[in-house]
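Novice: The structure is given below, and queries will be raised subsequently.
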Amino acid sequence: MVNGVGVSRDLQWVLTRNWSSSLIKARGIKRRFSRSQFNPKGLYVPRFEGLHQTKALTVEPNAGGKGVTLVYKKRRHQQKPVKSVARVVLNKDSRRTLNTIKSFCNRNLYRTDLKNACLRRASAILRSQKPKPLKKSRRPVAPKKVAAE
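Note that UniProt numbering has the sequence shown beginning at 1, numbered continuously upward.
Here's what the structure looks like:
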């Protein structure tokens, strides 16, 4: 049924919004979350739910721990889910990575809110991958004792 012929995205959302395998509900929290692959914000709303969108993208951390992977849907293979997913590995420095994501979104006419969500997510992932500097202790280090001869 996903991206079926003759079925609009709005109708797909109405049919699947209350039960979906990617839906996460928590007690005491009114907001519903999603673990869908093409959801850069993780919110279960039709705007960011990539299952129903023809153009969807997200950013994931690389398996090696350095850089990010840009994952997007190809418009050409809508009826073949395996062929419709494409991945681009970005493991240069953060400026080039963010610039690549921005130019990719602009060149392929992705929505601005989706582009901004992916840029924020990529920035947070790259920031988390940076090595943490060692904090200096507040106590002064005692001078080493010289061995008396």
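A virtual CB, placed ideally from N, CA and C, is assigned to each residue, including glycine.
Out of Ile24, His52 and Ser123, which one is the CA nearest neighbour of Asp10?
Specialist: Of the candidates Ile24, His52 and Ser123, the one whose C-alpha sits nearest the C-alpha of Asp10 is His52.
Novice: Are there 16 or more other CB atoms within 10 angstroms of the CB of Ser8, so buried, or fewer, so exposed?
Specialist: With fewer than 16 Cβ atoms within 10 Å of its Cβ, Ser8 is classed as exposed.
Novice: For the region 57–73 against the region 121–136, are there 3 or more C-beta pairs whose distance is under 8 Å?
Specialist: In short, these stretches touch, since the Cβ pair count reaches three.
Novice: Out of curiosity, what's the CA-to-CA distance linking Met1 and Trp13?
Specialist: The predicted model places Met1 with a pLDDT of 46, which falls under 50 and marks its position as unreliable, so this point remains unresolved.
Novice: Compare the Cα-Cα distances from Ala63 to each of Leu126, Lys144 and Pro140 and report the closest residue.
Specialist: Ranking Leu126, Lys144 and Pro140 by Cα distance to Ala63 puts Leu126 first.
Novice: Let me know the alpha helix (DSSP H) ranges lying completely inside the region 73–138, each 4 residues or longer, listed in chain order.
Specialist: The region 73–138 contains these whole alpha helix (DSSP H) runs: 81–84, 94–107 and 112–129.
Novice: Can you tell me whether Leu15 is buried or exposed, with buried defined as 16 or more other CB within 10 angstroms of its CB?
Specialist: Exposed is the call here.
Novice: Please look up how many angstroms separate the CB atoms of Leu70 and Phe104, rounded, as I've assumed it's under 8 Å.
Specialist: Right, the Cβ-Cβ distance comes to about 7 Å (below 8 Å), so this counts as a contact.
Novice: Helix, strand or coil for Thr54, going by three-state DSSP, please let me know.
Specialist: Correct three-state label for Thr54: coil.
Novice: With C-beta atoms as the reference, is Ser22 less than 8 Å away from Arg35?
Specialist: Yes, the pair counts as a contact, with Cβ atoms nearer than the cut-off.
Novice: Should Gln78 and Thr54 be called a contact, given that it needs their Cβ atoms to be closer than 8 Å?
Specialist: Cβ distance < 8 Å, so Gln78 and Thr54 count as in contact.
Novice: Any idea what DSSP makes of Val45, helix, strand or coil?
Specialist: Residue state, collapsed to three classes: coil.
Novice: Is it buried or exposed for Leu114, if we count other Cβ within 10 angstroms and need 16 for buried?
Specialist: Leu114 is buried by the Cβ-count criterion.
Novice: Apply the 10 Å Cβ neighbour rule to Leu109 and answer buried if 16 or more other Cβ atoms are within range, or exposed otherwise.
Specialist: Counting Cβ neighbours within 10 Å, Leu109 comes out exposed, since fewer than 16 surround it.
Novice: Are Lys66 and Asn91 close, meaning C-beta to C-beta below 8 Å?
Specialist: Yes, they are a contact pair.
Novice: Starting from Trp13 and walking both ways along the alpha helix (DSSP H), at which residues does that stretch end?
Specialist: Arg9 to Thr16 is the span of the alpha helix (DSSP H), which, as asked, contains Trp13.
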